[in-house]
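Student: Have a look at this one.
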Amino acid sequence: MAFIIIKNLVKEGKVILEDRGRIVESINSLITDDFQKEDQLDQEVREILSKHMEKIRKENIEYQTMFRMIKTKLAKERSIVL
21 MAFIIIKNLV
31 KEGKVILEDR
41 GRIVESINSL
51 ITDDFQKEDQ
61 LDQEVREILS
71 KHMEKIRKEN
81 IEYQTMFRMI
91 KTKLAKERSI
101 VL
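When you line the sequence shown up against the working numbering, it's residues 21 to 102, in that order.
Structural data, given as structure tokens:
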């Protein structure tokens, strides 16, 4: 993914690179870190919901709806772009 991003930026003349490999590595690292943050956020949301499963069942609340709502709220509070 990072290679494609860099390739397109260079092709469009938006950047001039001396060390394309290093830039690709940096972008890959940023993307990987972002995915890891989202995975951690997903896990935290699952833990929150698991603590309230009985109430969710009793009140017939849709799990996925609650998951998205909590994830969106936590992401906004932590300035995580989804």
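Glycine included, every Cβ here is placed at the ideal spot set by N, Cα and C. Remember, it's a predicted structure, so these values are computed and weren't measured experimentally.
What does the alpha-carbon distance come out to for the pair Arg42 and Gln63?
Tutor: Cα-Cα distance, rounded: 31 Å.
Student: Could you check the C-alpha separation between Asn48 and Asp59 for me, to the nearest Å?
Tutor: So the two alpha carbons sit approximately 16 Å from each other.
Student: With the cut-off set at 8 Å, would you say Ile100 and Leu61 are in Cβ contact?
Tutor: In contact: Ile100 and Leu61 (Cβ atoms closer than 8 Å).
Student: Could you give the first and the last residue of the continuous alpha helix (DSSP H) run that contains Leu102?
Tutor: Element bounds for Leu102: n/a, residue is neither H nor E.
Student: Starting from Gly41 and walking both ways along the alpha helix (DSSP H), at which residues does that stretch end?
Tutor: Per DSSP, Gly41 belongs to the alpha helix (DSSP H) from 40–71.
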